[in-house]
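Novice: Here the protein sequences come in this chain order: A and B.
All the letters of the first sequence, read from the start, carry residue numbers 1134 to 1316 under the working numbering.
All the letters of the second sequence, read from the start, carry residue numbers 8 to 77 under the working numbering.
All C-beta atoms in this analysis are idealised placements derived from N, C-alpha and C, irrespective of residue type, glycine included.
Please read all numbers here as calculations on a predicted model, not as lab measurements.
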Amino acid sequence: MNPRKELLEHIPNMRAFAMSLCGRADRADDLVQDTLMKAWTKLDTFEAGTNMRAWLFTILRNAFYSDLRKRKREVEDADGAMAATLATHPEQDGHMDFSDFRVALDTLPPDQREALILIGASGMSYEEAAEICDCAVGTVKSRVNRARMRLAEVLSIESAAEFGPDSTSQPIVTSQSTTRSVA
Amino acid sequence: MNRAEPRVAEDAKSGAGLDDRLQAHIGGQLKSMYDSYLNAPIPDRLVELLEKLDEVSRESGPDETRGSDK
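(1) Got a sec: is the Cβ-Cβ distance from ASP61/B to anything in chain A below 7 Å?
(2) Just mark SER1255/A as buried or exposed, buried being the case when its beta carbon has 16 or more other beta carbons within 10 Å.
(3) Can you give me the C-alpha to C-alpha distance between ASP61/B and TRP1173/A, rounded to a whole angstrom?
(4) Thinking THR1191/A and ILE1265/A are a contact (beta carbons under 8 Å), I'd like their distance in whole angstroms, please.
(5) How would you label THR1178/A, buried or exposed, when you count the other beta carbons within 10 angstroms and need 16 or more for buried?
(6) Under a Cβ-count criterion, where at least 16 other Cβ atoms within 10 Å of its own Cβ denotes burial, should THR1168/A be classed as buried or exposed?
(7) In chain B, what lies closer than 8 Å to ASN1146/A by C-beta?
(8) Applying the criterion that 16 or more other CB atoms from any shown protein chain within 10 Å of the CB defines a buried residue, is GLU1142/A buried or exposed?
(9) Would PRO2/B count as contacting chain A if we go by Cβ distances under 7 Å?
(10) Buried or exposed: where does ARG52/B fall if 16 or more other Cβ atoms within 10 Å of its Cβ makes it buried?
(11) In chain B, what lies closer than 7 Å to TRP1173/A by C-beta?
(12) Does GLN1225/A pass the burial test, meaning 16 or more other C-beta atoms within 10 Å, or should it be called exposed?
(13) Would you identify the three-state DSSP class for PRO1175/A, choosing helix, strand or coil?
(14) Would you please verify whether the beta carbon of LEU1140/A is less than 7 Å from any beta carbon of chain B?
(15) Would you tell me roughly how many angstroms separate the C-alpha atoms of LYS1175/A and TRP1188/A, rounded to the nearest one?
(16) Could you pull out every residue in the same chain whose Cβ sits closer than 6 Å to the Cβ of SER43/B, ignoring the five residues on either side in sequence?
(17) Just checking my contact of ALA1285/A with ASP26/B at CB under 8 Å: how many whole Å lie between their CB atoms?
(18) ALA1181/A: buried (16+ other C-beta within 10 angstroms of its C-beta) or exposed?
(19) Is it true that the CB of LEU1193/A sits closer than 7 Å to the CB of LEU1238/A?
(20) Beta-carbon within less than 6 Å of VAL1277/A's beta-carbon, same chain only, minus the 5 sequence neighbours each way: which residues are those?
(21) Looking at the structure shown, is ILE1290/A part of a helix, part of a strand, or coil, going by DSSP?
(22) When the cut-off is 7 Å and only beta carbons count, does SER1153/A lie next to chain B?
(23) Grouping DSSP H, G and I as helix and E and B as strand, with all else coil, what is ARG1202/A?
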């Protein structure tokens, strides 16, 4: 198949992964662009017949982390600024009633966020996710579990505040709960 | 130790409905967020980028001798 056409087919998934990771359309598109250029130059290293989506996700994920490191160096409180921007700037993707969820997702450490996205939304298997994140399958599993627990913690506190304190919606605060902004 | 139920799952079960509902809610939100990104239109600049890459590599001919006929 023409590599241009093949890469084109993967763009929606790459964008979805990038958007889920960083939460901003401009940055997500930069990441996808970066990934496409890298993938193009490395096409000869891709083994035909293997999983191209996982290969592209790996490149994108690495681009995300090097971008993150760069930004951390540039602006110390980039994460806080990003969360604030997200809360006030709905993207053009239409209805944003998951914005609370989005903000909660961004409170997760990137390794947990990425594992949760890969397993819970992108349809990757644990094995594929482990390869993409360059870690053991067990590590992916524990990151996903921790991500779910932490989101439950954040969102249950929020929904309790929203619906008022009644007998059925007390926030579950486990012994694992830590201060939320450890930065 | 093999196939040991994760303690988290047990806690969730004994912690009654709220935790389960919350996990279902989280899963649903995550998927609908991802799907909304997945179904968003592809920006022109990405399509154009691929076209340019394709043109350039055709001109320079990375693995064929095609481009070296000058």
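Specialist: Taking the geometry as given:
(1) yes
(2) buried
(3) 9 Å
(4) 5 Å
(5) exposed
(6) buried
(7) LEU45
(8) exposed
(9) In the structure as shown, chain B begins at 8 and stops at 77. Residue 2/B is therefore absent and cannot be evaluated.
(10) exposed
(11) LEU60
(12) Bear in mind that a pLDDT of 44 at GLN1225/A, under 50, signals an unreliable position, so the number given afterwards is only what the model happens to contain. That one is exposed.
(13) The sequence given here has Lys at residue 1175/A, not Pro. It is coil, neither helix nor strand.
(14) yes
(15) 11 Å
(16) none
(17) 6 Å
(18) exposed
(19) no
(20) ALA1248, LEU1249, ILE1252
(21) helix
(22) yes
(23) helix
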